[in-house]
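Participant: Residue numbers for the sequence shown follow my numbering, beginning at 2 and rising by one.
Have a look at this one.
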Amino acid sequence: MNSYFPAESVKLIFSGNDFFQTLEKHVDRAQEVIHLQTYIFEEDATGRQVLEALIRAAKRGVKIYLLIDAYGSKGISTQFISKIQKAGIQFRFFSPLFSGESIYVGRRLHHKIVVIDKFVAIVGGINIGERYQGGKNVPAWLDYAVMVKGKGCENLHDLCVAFFEKKRIKKVSKENILFGNENTLPMVRFSRNDWIKGKNEIYKNVLRAFLHAEKSIVIISSYFLPGYIFRQAIKNARKRGVNVKVILAGKSDLPFLLYAEKHLYDFLIRNEVEIYEWSSSIMHGKAVLVDEKWVTIGSYNFNSLSRYWSIELNAEIKDSAFAAVFSEHINQITLNDCVKIDSHNRLHTSGLFSKIRNGLSYHLFRIIMKIFFPKKHREK
């Protein structure tokens, strides 16, 4: 899972109609098998739209496996589940209250993966629900996915099978790893974080990219609470002359984490990191661009919940054309849809009340993490 393979193509997918139309189109083209695994599958208009596409595929004889997190999707009804199962779709919850999976308290299925016919994969941070699709008067939450086509998607299919069937995840066999000319084909790898199961790939790969950055780092993060090691990596990158830019939430579905995040603004401003707040909708995106040539997009957040609790998956891409598309998107949103925060306009974080509120939120979050991980939680 952590070796690069040459993909036939990679495409940046945006939340909103782009993601859901792309998903539905490829589900309608499926011929053999679909795995869909997600944290949230809402029983709303968007959820019903996706389910109807899956039912159409099932009627054509496509084998469909749907795995959703028991906590993230706790709101769906028994009638909705019955409709899924009557259509012949193989369905189960990940980690319901009484199961072998639930012995790992707090371990949630947070990744968002669709694999179709072992050849097409969509990986990102976009759940199934109206808030991610948006509507006429309500903009979609900002988020991203990557659509990858190529034989290397077989390994992601195998990972989905292992999760669905509760089997031990096998190491990737060498014959499934394809090597090509990185100058002619986009190079992709899928990286995992599942700390309880000993997987820390996303964390290590992003940290390595920071340590070797030469020109620029751009971080898009919805719940940005990096620990000491990542903060030090950012600080050292700035000392090397690397331009560092973070695009954070101006408003959030989790105000407590938003306040905790703002506690870090002093550190960012002190180290001359550019701060932008996305203001057009709720931010939910998780992505990093380094040196205009390496991109990681997926479900992993810069905080201890993603590192120590959740099951996460990112797609990492080494491709100048893909990086250029993402870089242009970043330039457009920072220019048109974000507010730049600096020492002169940070009134919402510099007042006495705000400082106390933000500091308490941040330190309470850290205390909670240390209670659950008293020996393992190394980041300060």
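Ideal Cβ positions, reconstructed from N, Cα and C, are used throughout, including at glycine.
So, for ILE85: in the same chain, excluding its five sequence neighbours on each side, which residues have a beta-carbon less than 6 angstroms away from its beta-carbon?
Facilitator: PHE92
Participant: Would you give the residue range spanned by the beta strand (DSSP E) that ASN244 belongs to?
Facilitator: Unbroken beta strand (DSSP E) run through ASN244: 244–250.
Participant: Please report the distance separating the alpha-carbon of ALA14 from that of ASP45.
Facilitator: The question names Ala, but residue 14 is Ile in the sequence shown. Rounded to the nearest whole angstrom, the CA to CA distance from ILE14 to ASP45 is 22 angstroms.
Participant: Considering Cα atoms alone, identify which of ALA261, ILE69, LEU259 is closest to PHE42.
Facilitator: ILE69
Participant: Hey, which unbroken runs of the alpha helix (DSSP H) at 4 residues or more fall wholly within the region 298–356?
Facilitator: 321–337, 348–351
Participant: Looking only at its chain, what residues have a beta carbon closer than 6 angstroms to the beta carbon of TYR277, apart from the 5 residues adjacent to it on each side?
Facilitator: ILE248, THR335, CYS339, LYS341
Participant: DSSP three-state call for GLU215: helix, strand or coil?
Facilitator: coil
Participant: Quick check on the burial criterion: 16 or more other C-beta atoms within 10 angstroms. Buried or exposed for LYS263?
Facilitator: buried
Participant: Output the boundary residues of the alpha helix (DSSP H) element that contains PHE231.
Facilitator: Counting along the chain, PHE231 sits inside the alpha helix (DSSP H) bounded by residues 229–240.
Participant: Could you check where the beta strand (DSSP E) with ASN194 kicks off and where it finishes?
Facilitator: 188–195
Participant: What residue ranges within the region 130–163 form continuous beta strand (DSSP E) runs of no fewer than 3 residues, ordered along the chain?
Facilitator: 145–150
Participant: Determine contact between the region 216–227 and the region 288–295, defined as no fewer than three beta-carbon pairs at a distance below 8 angstroms.
Facilitator: yes
Participant: With GLN86 as the anchor, note down where its alpha helix (DSSP H) starts and where it stops.
Facilitator: 79–87
Participant: With respect to the alpha helix (DSSP H) encompassing ARG30, which residues constitute its N-terminal and C-terminal limits?
Facilitator: 18–30
Participant: Can you grab the Cα-Cα spacing for the pair LEU361 / ARG61, in whole Å?
Facilitator: 55 angstroms
Participant: I need the DSSP call for HIS36, collapsed to helix, strand or coil.
Facilitator: Annotated three-state conformation of HIS36 is strand, per DSSP.
Participant: Which first and last residues belong to the alpha helix (DSSP H) in which ARG263 is found?
Facilitator: Note on identity: in this sequence residue 263 is Lys, with Arg being the wrong assignment. 256–263 is the span of the alpha helix (DSSP H), which, as asked, contains LYS263.
Participant: Keeping to the same chain, check which residues put their C-beta closer than 6 angstroms to that of TYR66; ignore five residues upstream and five downstream.
Facilitator: Taken in chain order, the residues that qualify are HIS36, GLN91, PHE165.
Participant: Would you list the one or two residues that DSSP bridges to TYR66?
Facilitator: HIS36, GLN91
Participant: Taking LYS12 as the reference, which of ILE298, TRP310, ARG132, LEU143 has the closest Cα?
Facilitator: ILE298
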